[in-house]
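**Q** My questions will all concern the structure given below.
In my numbering, the protein residues as written are 266 to 676.
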């Protein structure tokens, strides 16, 4: 097959049309809060060991929260990066609260509490770090809903894989049928496939360390062979009204770690039963007092489907879903892929390359992290964004072109 030609429809001086979220964050939460997507450092072991990728996520939502103040790492809020985001047609809040170190972050929380501010936390923080007075949503609700042990109490039983709580010692003594899925059961949140292990052979259990979590409190879940791994996304507003945002289809590597997703707000007939069940699950969250966004990971197996995780926060795909309407209208392209990219060179050169694909109407940046802000040996800058095209084949072709420019998909 001949290489497909990718249409280039823009020039260097072209003004990009505005990209605005389809839902106002103020309609969801109300007014008078600060948005905070930072994960508390003691929970890092349940996430990627790549700290720079975690910090890049603190800038990911700043372009969809309108003028809501945002807490983010300083490396995501450099003037050149913000200028490029604005050039993409995105809106940057007037107020950004930035930090550079964990100590600076904790000092910022203390300062905001002293000034009687309220924060929308995307991840639970312990009380000694963030008093309940600082939370817009009751932290007890957030902690309960983010706990994987709560899933059977929220999801209809027929759509939950068989599971039980066991210690590593019990698992070794009464080995479940292989393969099975092992999940952390200590109540802390996980994301991106971390804190989850597909066990295919016994030796994997011998290699488990405390970095996986509390080994005396593990979830053993049946393995579900599946044709599709999707997420359905919703929000419940301050009035208790639930709305469906759209669907994403997850892309994972051989170890089950998240590598991006195909996202759409188009209605698909085969998804209708899953979407209806998702409404019921979101209703349960609302009954508990939750206000905000959530995404539910679902495995589709033959005629059945199973909710395997509840992500009670803005998800990786949420920004893209909120921007899809304007992307469809502005560019006439309905194939959108969330991507996490890496760059090992000079940050200014990275911005020039991202700008090239932006002006070609092939890529919308969401977060741009400058690795030079970190005192680590390997300085890999990060890009989170949306690759857009008329087809999946075209999007894949664009990503191959990016690789030639030394901008690589995160493994």
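Even glycine gets a Cβ: it sits at the ideal position worked out from N, Cα and C. None of these values were measured; they are calculated from a predicted model.
Within 10 angstroms of the Cβ of residue 641, are there 16 or more other Cβ atoms? Answer buried if so, exposed if not.
**A** Flag for residue 641 reads exposed.
**Q** Taking its Cβ as the centre, do 16 or more other Cβ atoms sit within 10 Å of residue 439, making it buried, or is it exposed?
**A** Its Cβ having fewer than 16 others within 10 Å, residue 439 is exposed.
**Q** Among 535, 619, 509 and 601, which residue has its Cα nearest to the Cα of residue 607?
**A** The shortest C-alpha separation from residue 607 is found at 619.
**Q** Determine the closest residue to residue 334 out of 437, 385, 528 and 293, with distance taken between C-alpha atoms.
**A** Nearest option by C-alpha distance: 385.
**Q** Could you say which of 294, 631 and 558 lies nearest to residue 588 if we only look at CA atoms?
**A** Closest option to residue 588, Cα to Cα, is 631.
**Q** Can you give the Cα-Cα distance for residue 303 and residue 592, rounded to whole angstroms?
**A** Their backbone Cα atoms lie some 27 Å apart in a straight line.
**Q** For the beta strand (DSSP E) that residue 650 lies in, which residues bound it at each end?
**A** Counting along the chain, the beta strand (DSSP E) containing residue 650 begins and ends at 646–654.
**Q** Is residue 578 near residue 388, with beta carbons less than 8 Å apart?
**A** Yes; because the gap between Cβ atoms is below 8 Å, this pair is in contact.
**Q** Would the beta-carbon of residue 390 fall within 8 Å of that of residue 305?
**A** Yes.
**Q** Within 10 angstroms of its Cβ, does residue 594 collect 16 or more other Cβ (buried), or is it exposed?
**A** Exposed, since its Cβ has fewer than 16 Cβ neighbours within 10 Å.
**Q** Tell me the rounded alpha-carbon separation between residue 613 and residue 635.
**A** Distance between the alpha carbons of residue 613 and residue 635 is about 9 Å.
**Q** Note down the Cα distance separating residue 627 from residue 651, rounded to an integer number of angstroms.
**A** So the alpha carbons of these two residues sit roughly 8 Å apart.
**Q** Under 8 Å between the Cβ atoms of residue 512 and residue 492?
**A** No.
**Q** Classify residue 696: buried if its beta carbon has 16 or more other beta carbons within 10 angstroms, exposed otherwise.
**A** Because residue 696 is not part of the residues shown, which for the chain are 266 to 676, the question remains open.
**Q** Following the continuous beta strand (DSSP E) through residue 585, name the residue where it begins and the one where it ends.
**A** It is not in any beta strand (DSSP E) - residue 585 instead sits in the alpha helix (DSSP H) that spans 583–596.
**Q** Less than 8 Å between C-beta atoms, sequence neighbours within five positions excluded: which residues of the same chain meet that for residue 289?
**A** Result list for residue 289: 331, in chain order.
**Q** Restricting to Cα atoms, I'd like to know which of 673, 557, 484 and 496 is closest to residue 426.
**A** Checked all of 673, 557, 484 and 496; the closest Cα to residue 426 is 484.
**Q** DSSP three-state call for residue 356: helix, strand or coil?
**A** In this structure, residue 356 counts as coil in the three-state DSSP scheme.
**Q** Between which two residues does the beta strand (DSSP E) containing residue 463 stretch?
**A** Residue 463 -> beta strand (DSSP E) spans 461–464.
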